[in-house]
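To keep things clear, I will list the structure first and then write my remarks on it.
What follows is the structure, given as structure tokens:
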């Protein structure tokens, strides 16, 4: 039997979407935002990725509502794909301040 690892821990800063942050699917209501994540590519060039994140946990949603654009954050969670669009995102299981 194979054991699969599906966890991520990333740091960066909060990038809030224009418009409504709330979404809903069969798993419930979530808040969405992007993690601005700078990194150096294989070619040595620095680039910024915007990693999509969804937050289902009500306590984490409340924490996120108190933060603003550019707030540093550390996210631990799992990679997921949307059952509708197939969009890949990070399902946040914990959020910590000031880790970027």
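Residue numbers (this note's numbering): 145 to 244. Here a beta-carbon is modelled for each residue, glycine too, at the ideal position from N, C-alpha and C. If you're wondering where the values come from, they're calculated on a predicted model, not measured in any experiment.
Query: Quick check: the Cα distance between residue 211 and residue 165, rounded to an integer number of angstroms?; Result: 13 angstroms
Query: Among all the DSSP beta bridges, which residues are the ones paired with residue 241?; Result: 217
Query: If you measure between the beta carbons of residue 197 and residue 179, is that distance less than 8 angstroms?; Result: yes
Query: Could you give the distance in angstroms between the alpha-carbon of residue 161 and the alpha-carbon of residue 148?; Result: 32 angstroms
Query: Here's a check: name, in chain order, each residue in its chain whose Cβ is nearer than 7 angstroms to the Cβ of residue 214, leaving out the five neighbours to either side.; Result: 157 and 158
Query: What number of angstroms, rounded off, separates the C-alpha of residue 168 from the C-alpha of residue 208?; Result: 17 angstroms
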